[in-house]
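The sequence shown begins at 1 in UniProt numbering and counts up by one. Beta carbons: idealized from backbone N, C-alpha and C, even for Gly. First comes the structure, then the notes that go with it.
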Amino acid sequence: MLLAGTPTSIWPTNAPNDTTIVLRVYGINFTGTPTITLYNGTDTIIATNVTVVNSNYLTCDINLTGASPGYYNILVNNNEDQDSLEVCFTVIKKLTPPVYIYSKSIYNAGTTLLKMALGDGNNDGKYEIYVGSWRNKIYQLWWDGSWNVDSLSAGNVLFQGVGLGDGNNDGDYEVYGTSNNYHLYQFRWNGSSWDTLDMGGSSTYMARVVVGDVIRDGTFQVYSTDDNGNVFQFIYNGAGYDTTIIATVGAAGKGICIGDGDNDGDVELYVASLSGNVYQISWDGSNWVIDTIGVGSGGMTEIGIGDGDNDGNIEIYACSNDDSVYQFKWNGTAWEKSLVGYGTDKMNDVEVGDGDNDGLNEVYAGCANSILYQFEWDGSSWSDTALFNSGFSIRGIGIGDGNRDGENEIYAACTDGNLYQISYSDTFLFDAGVKEIVSPNDSITPSGEYRVKATITYKGPADLTFFVHANVIDTTTGTSILQESLTVTMGPSLPETLLTFGTVNLAENVTYNTVVYVPGNDTFPQNDTISIFTTAKRILILYVEDANGYGAPVHPDTIWQIPLVNLLGADRILWMGPTADENEDGPTLDEMKNVDLVIWNCYDYYSEPQLTTNDTINIKQLVADGGKIWLIGQDIYYSLFSKKGNREKGEPIKIDLKAQSNFLGTTFGLETIYEDYLYELNMNIMGIGEALSDTIYVESDFEYDGYLYPDSVGPDISIAHPILIDPDSNFVIGIARNDSLAAFWAADG
């Protein structure tokens, strides 16, 4: 039996604790002058000016001044009959300027995340976040000092839409998900696990889902849309759900919301269709009434409801694949459509709420261009802010107190699997950290002079100047050979930077401890300090394997290791690599300058970039400073200059030696190149000039396809000369600078 005064929904659902609001309560059997109470176990707020407009709708004043932020229930008491609606209102803390914006990923699911809902889905009195995905799961996230993750699953189905509500009228909330197997699912928390119920569905993809009392009978119904344009009603019968198609909207219903969008005291459904139409579906007491409230210039992709322009009335907002967000406003006699704003790609989702905790609502839209937009009404026009760039398409957004701190946050679900939290705060929070000590390295290194370098990171809403400290300790004597502090200013435009401290001289056979640290009064002290140990050795040759998977199958490369060790001894050779990918830098300039010779072998790696920008800069400077290097690689030329596939096989290519960016020309004296003149598993090579040798037979040991692809190279004779040839063809495959500082070989086996 329904009690005298059963609430089924309210509006608004949150407000700051420095104001008095007019609360709208929707339900059934409102009579007389009931007592309306907001309560949460800490605070009890009794409403004033209670006005019963009709049996389904009342208004009242709620003074929230000084109320504790948090989640509240509403109680309607009428002549000792009372009924409540649980966890339906949030008191938020109003922020005091200046405020700062923070963003972070709170979870990565490893798959595309879709639509979401915030609310108390497990009936613990607190909010959680529920987000659908392509990985056959609805993810539940909740905060208890850190983020926790659970998942809800119905087998091998993905979930596009997520909704919350008491659809089975048992007094508890459930989670509802629309799936790609054409069905709608209910997930109910039993205290220890999730019970799953298949509610039935459609003959095509189910799209979105909401829960509410649209027929005004004091019970809750579940409503969903599908890709055929059908709008379904699900009513619980005690054992399962009875399903009825209540409307058809012509094209896929990609958005559905529930609320009093025309401010008449009744709750209606609103549906956004890919036809471009936005529909109102209302119950007149005996029949469903369908009205078109507006048409966009593109297919409508989502819909939201709320007072986005803060005039005290509720409006409908819909986003479109024409990149736009529209407002639909009832003026008392007709619907007025206006443009709120637009992005540069399809808008995927739209929500209305006080995301910045300033006491006013904003309209938020997630775009396929990876931008989260915030639209604000100033009384005469809309302004837009690109609030956050996720780097990937934003498929779903939500607004609410998801982390239980008494403030609203905005959440964005993205195609890269990240769920982002964007929050405002009147407290300045930042994280300064040490990402890496770049020099010296954290293992054996050639003895000699090194500039201490470290990569510093910063996350914060505004620029901050802070100290970074470096200390290098001789572990044998315990003395410090460098103590230095630098100041750096970092901010949103400079989230990462490389700092260079002073120079240290690392003596042979001594181990050093290098420590770089930043102040510890930030939000993540775990990354404030990095400490490494470096042992200096007298190294004659530094051999670099920069093959990225296209080099020798054994590391170090035994073809080079055996003769070098036999010639100089194992303790005089330092092996670096193999590099993990094409973006990994090779040795630093200091490391190369502290050896007699660098042998840098790129083997057969051909994708761009073969050498990183830092690598080419360091090699050029090494030669300019009088250092010596052999650079070896079959495909360095077209890797560096993006020439792969740009010519017919065997066509010589002239390089402009005057171009300063011509790394091979200016540093090694390369003038012409004839690429891939030979495809063989073996070949003969022979040294000429100062490298004179007998013919040497070589076999490829490349771990990829095993073939040699040597290039013929032509030197600029004013800079370089041949030193290595293929005696069978007389092609030059290696050149050396005339000053003997650098050599370039275009073949290696």
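Could you please give the first and the last residue of the uninterrupted beta strand (DSSP E) stretch that includes residue i?
| i | result |
| --- | --- |
| residue 544 | 541-545 |
| residue 239 | Segment: none, residue 239 is in no beta strand (DSSP E) and carries neither H nor E. |
| residue 52 | 48-54 |
| residue 372 | 371-377 |
| residue 101 | 100-108 |
| residue 72 | 70-78 |
| residue 316 | 315-320 |
| residue 433 | 431-439 |
| residue 341 | 335-342 |
| residue 532 | 529-537 |
| residue 722 | 720-726 |
| residue 59 | 57-63 |
| residue 352 | 347-353 |
Helix, strand or coil: how does DSSP classify residue i here?
| i | result |
| --- | --- |
| residue 710 | coil |
| residue 134 | coil |
| residue 570 | helix |
| residue 7 | strand |
| residue 689 | helix |
| residue 446 | strand |
| residue 306 | strand |
| residue 751 | Because the chain here runs from 1 to 749, residue 751 falls outside it and cannot be looked at. |
| residue 524 | coil |
| residue 403 | coil |
| residue 595 | coil |
| residue 230 | strand |
| residue 590 | helix |
| residue 204 | coil |
| residue 564 | helix |
| residue 481 | strand |
| residue 244 | strand |
| residue 717 | coil |
| residue 21 | strand |
Can you name the start and end residues of the alpha helix (DSSP H) that residue i belongs to?
| i | result |
| --- | --- |
| residue 251 | It is not in any alpha helix (DSSP H) - residue 251 carries neither H nor E in the DSSP assignment. |
| residue 663 | 663-668 |
| residue 624 | 613-624 |
Give me the residue from the options with the minimum Cα distance to residue i.
| i | options | result |
| --- | --- | --- |
| residue 458 | 267, 495, 695 and 27 | 495 |
| residue 10 | 67, 70 and 84 | 84 |
| residue 453 | 379, 462, 674 and 531 | 531 |
| residue 312 | 284, 261 and 144 | 261 |
| residue 470 | 724, 269 and 440 | 440 |
| residue 298 | 289, 339, 309 and 333 | 339 |
| residue 191 | 55, 121 and 344 | 121 |
| residue 278 | 336, 223, 437 and 233 | 336 |
| residue 39 | 56, 16, 90 and 33 | 90 |
| residue 538 | 193, 507 and 420 | 507 |
| residue 575 | 213, 445, 415 and 255 | 445 |
| residue 274 | 255, 182 and 747 | 255 |
| residue 95 | 356, 102 and 535 | 356 |
| residue 663 | 627, 611, 728 and 422 | 611 |
| residue 168 | 198, 154 and 152 | 198 |
Just mark residue i as buried or exposed, buried being the case when its beta carbon has 16 or more other beta carbons within 10 Å.
| i | result |
| --- | --- |
| residue 53 | exposed |
| residue 237 | exposed |
| residue 736 | buried |
| residue 1 | At residue 1, the pLDDT of 42 sits below 50, so the modelled position is not reliable and the matter cannot be decided from this model. |
| residue 295 | exposed |
| residue 519 | exposed |
| residue 739 | exposed |
| residue 276 | buried |
| residue 601 | buried |
| residue 381 | exposed |
| residue 483 | exposed |
Any heavy atom of the ligand COA within a distance shorter than 8 Å of the CB on residue i?
| i | result |
| --- | --- |
| residue 396 | Because no ligand of any kind appears in the structure shown, any question about the ligand COA cannot be addressed here. |
**Asked** If you pair each beta-carbon of the region 36-45 with each one of the region 232-252, do three or more pairs fall below 8 Å?
**Response** no
**Asked** On the three-pair Cβ rule with 8 Å, is the region 423-436 touching the region 109-119?
**Response** Under the three-pair Cβ rule at 8 Å, the region 423-436 does not count as touching the region 109-119.
**Message:** Whether or not the region 18-25 and the region 52-71 are in contact is what I'm after, with contact meaning three or more pairs of Cβ atoms, one per stretch, closer than 8 Å; do they touch?
**Reply:** yes
**Asked** How do the region 66-80 and the region 386-399 stand: do at least 3 beta-carbon pairs fall below 8 Å, yes or no?
**Response** no
**Prompt:** Are the region 504-517 and the region 415-430 touching, with three or more C-beta to C-beta distances below 8 Å?
**Reply:** no
**Asked** Looking at C-beta atoms only, is the number of pairs between the region 265-280 and the region 302-322 that lie closer than 8 Å three or more?
**Response** They touch, by the three-pair rule.
**Prompt:** Can we say the region 84-98 touches the region 318-327, given the rule of at least three CB pairs closer than 8 Å?
**Reply:** no
**Asked** For the region 711-726 against the region 666-674, are there 3 or more C-beta pairs whose distance is under 8 Å?
**Response** yes
**Message:** With a threshold of 8 Å, are at least 3 pairs of Cβ atoms found where one atom belongs to the region 621-630 and the other to the region 561-570?
**Reply:** Per the Cβ contact rule, the region 621-630 is not in contact with the region 561-570 (fewer than 3 Cβ pairs under 8 Å).
**Request:** Answer yes if the region 497-513 comes into contact with the region 400-416, meaning at least three C-beta pairs across the two stretches below 8 Å, and no otherwise.
**Result:** no
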